[in-house]
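Numbering (the numbering used here), first residue to last: 22 to 179.
Data block below; observations after.
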Amino acid sequence: MAAPALGNLGFLASHRGTNVQTVLNACKTGRLGARPAVVIGNNRDTEVLARARRAGVPTFHLSAETHPEPEALDRTIRDTLIRHGVGLMVLAGYMKKLGPETLAQYAGRVINIHPALLPRFGGLGMYGMRVHEAVLASGATETGVTIHLVDGDYDRGA
22 MAAPALGNLG FLASHRGTNV QTVLNACKTG RLGARPAVVI GNNRDTEVLA RARRAGVPTF
82 HLSAETHPEP EALDRTIRDT LIRHGVGLMV LAGYMKKLGP ETLAQYAGRV INIHPALLPR
142 FGGLGMYGMR VHEAVLASGA TETGVTIHLV DGDYDRGA
């Protein structure tokens, strides 16, 4: 059997994981040519980890709680992704900034799913319902989702 076109996916998420679930479903049905390889959550009891476990995807809780030193956390995230053969990282509601070692290892291979149109409704603090409230408060006549390559700044990449 040929390798999936997108290869192994690694997810980083913070809370419910509805976008992760959508991608897991698309992989399972063959609509997306990729293999979910690992899900990393930065909250111990988050729903995204339960969703991944139910789908048979390896999960890890990696956070400042498990690794108080930021450099150690960054290395552990990077090493976990490498160990699971991840070729493309997907940030799906991940509320933390990636560390420099992880970003360097996966340069050009990290995408973020943002729940509004960037750059207007993005940046530090623009997550969850805050994004949708900002869209409504602005009087915008249209909205959408932005999927973009990640660089070192919040919601800025290509």
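Note that beta-carbon positions come from the ideal geometry of N, C-alpha and C, so glycine has one too.
Inter-segment contact for the stretch 156-175 and the stretch 119-138 is present: three or more beta-carbon pairs are separated by less than 8 Å. Contact annotation, Gly-31 with Ala-58: C-beta distance approximately 6 Å; criterion of less than 8 Å satisfied. Take the alpha-carbon of Arg-151 and the one of Val-41: they are about 20 Å apart. In this structure, Leu-170 is the residue among Leu-170, Leu-83, Arg-74 with its C-alpha nearest to the C-alpha of Gly-129. Residues of the same chain with a CB within less than 6 Å of the CB of Asp-95, apart from the 5 flanking positions on each side, are Gly-120, Glu-122, Thr-123 in chain order. In the structure shown, Val-171 falls within a coil segment according to DSSP collapsed to helix, strand and coil.
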